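Each residue of the sequence shown is one higher than the last, beginning at 1 in full-length UniProt numbering.
Data first, discussion second: the structure below is written as structure tokens.
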Amino acid sequence: MNTFGTFWNQIRENFSAMPIQSRMIAGMLIAVIVIGVGLLLQSGGSESTQYLFGGRLLNDEDIRKAEIAFGNAELRDYEFVGSRIRVPSETRDVYLRALSDGNAIPLEEAAATQDALYNSSPFASNNLLEKRIMKGKEIDLSGRIMQFPEVRKASVFYDSQRQGFATKPKQSASIVIVPHGNEPLSPYTKKEIADLVRAAFAGMEASDVTVTDTNARAATEDPWIDENNPHYRTKRHYERAWETKIRHALAGYGSPRVVVDVELDPTMDSESTELKYDSNPATLREQSSSRLVESTRPQTGGTPGVASNAYGNQAARVEELANRSKETESSEQTEKVVGTTHTQTKLAGLRPIRASVVISLRGSYYDELWKSSWLTENPDKGPEDVPPLSPADRERLRSSTKEEITSAVTTIIPRLRAGDDRSPLVTVIDYPDLPSPDNLTPETTSRATAWLASSWQSIALVVLALVALLVARSALKAPPTAPVADFADGFGLEIPQLPVDELALQEEQANSVGAAPTLEVTGSNLRDELNSIVESNPDAAANVLRSWLSDVA
């Protein structure tokens with residue numbers, strides 16, 4: 001008990017002798033040490049709860065299976081924190097066993113295929129092994145499709161059939177999708193899912209994949225609305241395009257709501273041909289020919305009988321024998337064609353002929369517009385000086401805003417026949433600002449909150465250590481304080497007198513040098529003072545230390 005009391009008194013005296021800054025630093029360090037030891041002891045023990053699968057985020061299907069498995073095992077001490085499962089640490093193995101028995105353990109990517117490939121029996125036939133691998137691939141593809149943000153549940157079914165002596169089997173894949181909410185899947189998402197499944201099976205064509213959306217008829221029961229209907233696709237294309245243009249044009253009106261309805265010409269395709277003939281034919285080719293024919297023949301013979309023919313070689317005159325004739329032939333050939341004009345016109349089908357637009361503005365937009373315009377007209381006033389909006393001013397702002405929006409939108413929608421007024425096709429309304437329901441906590445926020453709940457002790461310890469370091473830094477930068485008058489006598493310690501025989505040498509040195517140095521403790525820096533004493537008179541310093549040590553013993 002005496003030893004403890006002496007030790008405590010020494011600590012108290014040393015603490016009392018320390019400056020104010022040193023006391024603060026010592027107190028902060030002691031607090032850091034105590035808190036750190038407590039946190040170490042607490043973290044050394046096991047936590048009461050922990051997350052399954054290392055805090056992995058689960059999808060809706062995994063959570064549903066886990067709830068069923070826990071219900072079948074009659075386990076009730078679990079808690080869903082966002083998309084994670086927190087269970088008591090002592091019964092963690094019981095919950096894992098329940099998930100395993102209920103076949104509810106979340107599978108990793110390609111886990112089912114790997115399980116079918118590596119855990120098969122060596123005596124299984126190739127046909128059975130192939131079917132198991134295809135089944136595992138179906139499960140893995142379903143899991144990957146469920147990673148799409150719009151998909152809540154997905155199932156993939158694959159089948160193949162070899163026909164005749166064909167080397168390539170006929171393949172088909174069917175995908176059933178259950179989206180979130182009541183909205184059907186977008187065509188882009190359906191195409192991405194079909195491409196994913198088609199690429200997973202070698203040799204499969206796009207026509208072999210069928211995607212079935214369970215919400216396809218949830219929005220409307222009109223059979224005319226079909227994604228494969230060209231009229232519907234074209235209508236949706238124009239509506240989305242003009243809706244985007246109108247939103248951009250009205251971006252300064254407080255993000256209004258825009259609904260566009262387009263009416264199309266039902267003509268799928270239009271083609272016209274026009275043929276015109278010219279009144280004056282054009283000459284293509286012209287040919288002419290002329291021929292002169294001249295013939296000569298003898299005249300008619302003499303009288304028949306002996307007298308006229310008995311004597312031959314009788315003289316005759318040529319001119320009497322000639323019977324000449326001339327004939328002239330001429331021909332002309334001309335080829336002409338009638339000029340024609342051939343005009344063929346082909347018009348695109350399903351052209352928009354009419355579009356109506358409904359624009360909804362927030363009711364508070366007019367209050368903001370009134371406040372902004374009033375401050376612009378009164379720049380020397382503040383927001384607190386703005387008068388309330390009267391019904392007359394509200395109606396005036398509503399009318400002017402409607403005219404501006406109508407004028408801007410009518411330049412975007414399609415033109416009608418000449419002389420038709422397009423203003424009635426644009427309707428501007430306003431709706432009251434009702435309080436929206438509280439948004440769900442984002443997954444990132446929930447994860448950050450959970451991390452802070454489990455790590456706040458370490459964060460507090462680090463903050464406390466930083467505060468202690470800042471205090472120490474400020475104490476080191478502080479100027480030295482003046483010596484305290486109460487400790488000018490050397491902290492209350494009595495300096496012993498040296499014996500005569502031990503001071504002989506010192507007296508000789510003092511006589512040779514001068515007066516002996518005296519021990520003067522001011523309390524400003526005891527270490528520097530002791531160093532100066534040891535350098536000037538080491539024997540005196542040794543005697544002082546010997547006296548202090550004897551008093552302590």
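The C-beta atom is built at its ideal place from N, Cα and C for all residues, glycine as well.
It should be emphasised that the depicted structure is a prediction, and the values quoted were computed from it without experimental measurement.
**Study point:** residue 152 - DSSP class collapsed to helix/strand/coil
**Key:** strand
Check your understanding: Between the beta-carbon of residue 215 and the beta-carbon of residue 239, is there less than 8 angstroms?
Key -> no
**Study point:** DSSP-derived helix/strand/coil call for residue 17
**Key:** helix
Exercise for review: Taking only the alpha-carbon atoms, compute the straight-line gap between residue 286 and residue 338 and give it to the nearest angstrom.
Suggested key: 15 angstroms
Check your understanding: Can the beta-carbon of residue 129 be found less than 8 angstroms from the beta-carbon of residue 200?
Key -> no
Check your understanding: If you draw a straight line from the C-alpha of residue 543 to the C-alpha of residue 462, how long is it?
Key -> One alpha carbon belongs to residue 543, the other to residue 462, and they sit about 47 angstroms apart.
Check your understanding: Tell me the DSSP bridge mates of residue 352?
Key -> 264
Exercise for review: Compute the Euclidean distance between the alpha carbons of residue 168 and residue 158, then round it to the nearest angstrom.
Suggested key: 16 angstroms
Review point. Does the beta-carbon of residue 84 have 16 or more other beta-carbons within 10 angstroms, so that it is buried, or is it exposed?
Key: buried
Point to revise | Alpha-carbon spacing of residue 406 relative to residue 426, whole angstroms | key: 6 angstroms
Practice item. Sort out for me which residues DSSP pairs residue 179 with in a bridge. Key: 151
Check your understanding: Exposed or buried, which one is residue 69 when buried takes at least 16 other CB atoms within 10 Å?
Key -> Around the CB of residue 69, 16 or more other CB atoms lie within 10 Å, so the residue is classed as buried.
Check your understanding: Based on Cα-Cα distance, which residue from 379, 262, 453 and 284 lies nearest to residue 358?
Key -> 262
Check your understanding: What did DSSP end up calling residue 463 once you bin it into helix, strand or coil?
Key -> helix
**Study point:** Inter-residue CB distance, residue 50 and residue 22 (contact presumed, cutoff 8 angstroms)
**Key:** No, residue 50 and residue 22 are not in contact; Cβ-Cβ is about 44 angstroms, not under 8 angstroms.
Exercise for review: Give every residue of the same chain whose Cβ lies closer than 6 angstroms to the Cβ of residue 374, excluding the five residues on either side of it in the sequence, and list them in chain order.
Suggested key: 386
Exercise for review: Determine the direct distance from the alpha carbon of residue 65 to that of residue 71, and round the result to whole angstroms.
Suggested key: 10 angstroms
Review point. In its own chain, which residues sit with a C-beta less than 6 angstroms from the C-beta of residue 610, not counting the 5 before and 5 after it?
Key: In the structure as shown, the chain starts at 1 and stops at 553, and residue 610 therefore has no counterpart that could be examined.
Point to revise | According to DSSP, residues forming a beta bridge with residue 544 | key: Residue 544 is not bridged to any residue.
Practice item. Assuming residue 213 and residue 187 form a contact by the criterion Cβ under 8 angstroms, report the distance between their Cβ atoms to the nearest whole angstrom. Key: The Cβ separation is near 10 angstroms, so there is no contact.
Exercise for review: Classify residue 37 as buried or exposed, calling it buried when 16 or more other Cβ atoms lie within 10 Å of its own Cβ.
Suggested key: It is exposed - the Cβ of residue 37 has fewer than 16 other Cβ atoms within 10 Å.
Practice item. Whole angstroms is fine: what's the gap from residue 470's alpha carbon to residue 452's? Key: 24 angstroms
Review point. Which one of 203, 540 and 191 has the shortest CA to CA distance from residue 210?
Key: 191
Review point. Does the Cβ-Cβ distance between residue 171 and residue 160 come in under 8 angstroms?
Key: Yes, these two residues count as a Cβ contact at 8 angstroms.
Review point. Alpha carbon to alpha carbon, what distance is there between residue 456 and residue 547?
Key: 52 angstroms
**Study point:** Cβ-based burial, residue 30 [other Cβ within 10 Å; buried from 16]
**Key:** exposed
Practice item. Only counting runs of 3 or more residues, tell me where the beta strand (DSSP E) segments fall wholly within the stretch 370–439, in order along the chain. Key: Taking only runs of at least 3 residues, the beta strand (DSSP E) segments lying wholly in the stretch 370–439 are 426–431.
Review point. If residue 28 and residue 460 are in contact, beta carbons under 8 angstroms, what's the gap, nearest whole angstrom?
Key: Contact flag wrong, Cβ pair sits at about 14 angstroms.
Exercise for review: Identify the continuous alpha helix (DSSP H) that holds residue 276 and give its terminal residues.
Suggested key: Taken as a continuous stretch (DSSP letters only), residue 276 belongs to no alpha helix (DSSP H), being part of the beta strand (DSSP E) at 269–277.
Review point. Roughly how many angstroms separate the alpha carbons of residue 91 and residue 11, rounded to a whole number?
Key: 49 angstroms
Review point. Can you give the beta carbon distance from residue 430 to residue 369, rounded, assuming they're within the 8 angstroms contact cut?
Key: About 11 angstroms; that fails the 8 angstroms criterion.
Review point. Using the rule of at least 16 other Cβ atoms within 10 Å of the residue's Cβ for burial, across every protein chain shown, is residue 9 buried or exposed?
Key: exposed
Review point. How would you label residue 341, buried or exposed, when you count the other beta carbons within 10 angstroms and need 16 or more for buried?
Key: exposed
Check your understanding: Leaving out the 5 sequence neighbours to the left and right, which residues in its chain are closer than 8 angstroms to residue 245 when beta-carbon positions are compared?
Key -> 412
Review point. Cα-Cα, which of 78, 537 and 289 is closest to residue 334?
Key: Checked all of 78, 537 and 289; the closest Cα to residue 334 is 289.
Review point. DSSP three-state call for residue 88: helix, strand or coil?
Key: strand
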